[in-house]
Structure formats: C-alpha cells, structure tokens
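The opening residue of the sequence shown carries number 1 in UniProt numbering; numbering runs sequentially from there. Built from N, CA and C at the ideal position, the CB exists for glycine as well. In this text the structure is predicted, and so the values were computed from the model without any measurement.
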Amino acid sequence: MLGLLVASYNIWVNFQKYTDKFIAKLVLPFVPHRISPNQVTWARIFSIPFIYYFLVQENYIWGFILFSIAALTDALDGAMARTRNKVTERGKVLDAVADRGLILLVAVIFIPKLFGWNLLIYLALLEALNASMAWRAKKKIKINPGANWAGKIKMIIQCTAFTAIFISLFSSWVLWLDLALFLLYISLIFTFIQAFVYPKTYEEARYA
Numbered sequence: 001m002l003g004l005l006v007a008s009y010n011i012w013v014n015f016q017k018y019t020d021k022f023i024a025k026l027v028l029p030f031v032p033h034r035i036s037p038n039q040v041t042w043a044r045i046f047s048i049p050f051i052y053y054f055l056v057q058e059n060y061i062w063g064f065i066l067f068s069i070a071a072l073t074d075a076l077d078g079a080m081a082r083t084r085n086k087v088t089e090r091g092k093v094l095d096a097v098a099d100r101g102l103i104l105l106v107a108v109i110f111i112p113k114l115f116g117w118n119l120l121i122y123l124a125l126l127e128a129l130n131a132s133m134a135w136r137a138k139k140k141i142k143i144n145p146g147a148n149w150a151g152k153i154k155m156i157i158q159c160t161a162f163t164a165i166f167i168s169l170f171s172s173w174v175l176w177l178d179l180a181l182f183l184l185y186i187s188l189i190f191t192f193i194q195a196f197v198y199p200k201t202y203e204e205a206r207y208a
C-alpha cells in the first residue's frame with residue numbers, strides 16, 4: 001500500500017510539472033495577464049447552475065460540453081497561478097469550492113439513478129471527512145496550502161468517470177457504465193487518502 005502511495009505521488013508530481021509546461025506554452029499565451037486565476041475559478045463556479053439546468057432538462061450534449069469546459073479550467077487556473085506566480089489564499093479556497101461543487105452536482109444527478117444511493121452516501125461522507133480534516137489541519141498553522149496530490153488525482157479520476165457516464169448516454173455500449181463505476185470506487189480510495197494526507201500537507205506548508 002505504501003508503495004502504491006509513493007508511486008501515485010511521484011506520478012502526480014511529474015504529471016503536474018509537464019501539464020503546467022504544456023499549458024504555459026500552448027494555452028497561456030492566448031490568455032491575457034489581466035485575467036487572473038481566480039477569475040477562471042469563478043467562471044467554473046458560475047458554470048455549475050447552468051450545468052445543473054441542462055442535466056435536469058436531460059440536455060446531455062450541452063451538459064457534457066459545459067462540464068468538460070469546467071473540468072478543464074481546473075487545470076488552467078492552477079497552471080496560471082503556478083507559472084505566473086499568482087497563487088493566493090483566496091484562490092486555494094475557491095478552487096476547492098469549485099471542484100467539490102462541480103463533482104457533487106454531477107454525482108447527485110447521476111449516481112443514485114445509475115448506481116444507487118449507497119455510493120453517493122459513501123462519497124458524501126468521505127468528502128465531509130475531508131473537509132473536517134482540512135479544517136482541523138488549517139487551524140494549526142493558519143494558512144492554506146491548497147489541494148494535496150491525492151485530491152487532485154481523485155478529481156481527475158472522477159471527471160474521467162463522469163465523462164464515461166456522459167459517453168454512455170450517447171452510446172449503446174454498456175461497458176462505459178462499468179468503467180465509470182470502477183473509476184468512482186477507485187476515487188473513493190483517493191478521497192480517503194486525501195483526508196489523511198492533509199496533516200502532512202499542512203506541516204510541509206508550515207515549514208516552507
């Protein structure tokens with residue numbers, strides 16, 4: 001288990017490094033410096049009601065388009081903040097709110113209908129545990145180091161799972177739902193790990 005955690009951490013560090021470089025070279029030249037990472041995060045937050053509307057109306061094409069754009073902005077605002085030296089305490093909080101809001105919205109709409117309430121309850125309880133551990137750790141050092149590596153891996157897995165669900169709505173291939181269910185259970189593991197990585201993350205931030 002420890003080997004898996006170390007491998008996951010190393011994979012994430014390298015993945016983030018290369019995605020930041022990729023976004024900095026190919027995307028950020030088209031993003032004016034007057035646009036801040038926080039504004040991109042706010043755009044993700046403001047997109048959530050529109051995604052909800054389209055999904056409730058069963059307009060899955062537009063729901064999927066907006067969900068995909070919103071999910072991609074998670075990589076964009078982070079890369080902007082790190083490569084342009086615009087990391088802020090408010091941005092860290094907004095990023096967590098945007099991520100959880102986006103994922104929980106889609107989870108509430110799709111998971112009970114497709115996989116039952118138990119999975120949604122597990123997800124909600126683990127997210128509550130996450131919030132509690134983050135709050136307790138933050139109280140000790142009075143600063144917010146932002147999302148940890150396990151949380152970001154979890155976010156990628158969950159976005160991939162919900163993408164598979166969207167594809168299943170446009171396809172008759174039921175294996176997309178099997179893939180989505182498998183990924184959601186994997187994400188529960190990383191959600192659990194995320195909660196207990198928080199104390200270490202905050203200690204590292206304290207002495208940084």
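- Put simply, of ALA161, ILE23, PHE162 the residue whose alpha carbon is nearest the alpha carbon of ARG84 is ILE23.
- With 16 or more neighbouring CB atoms inside 10 Å of its own CB, GLN194 falls in the buried class.
- Using a Cβ distance threshold of 8 Å, PHE192 and LEU104 do not count as a contacting pair.
- Annotation: PHE30 is outside any alpha helix (DSSP H) and is labelled neither H nor E by DSSP.
- For the options LYS17, VAL56, PHE196, TRP42, the alpha carbon positioned closest to that of LEU129 is the one of PHE196.
- The beta-carbon distance between ARG44 and ALA70, rounded to whole angstroms, is 5 Å. This is short enough to meet the 8 Å contact definition.
- The three-state secondary structure of ILE45, taken from DSSP, is helix.
- Check the Cα spacing between TYR53 and each of ILE109, PHE30, LEU94: the tightest is with ILE109.
- Every alpha helix (DSSP H) stretch that sits fully inside the stretch 142–195 and reaches 4 residues is listed by chain position as 149–170.
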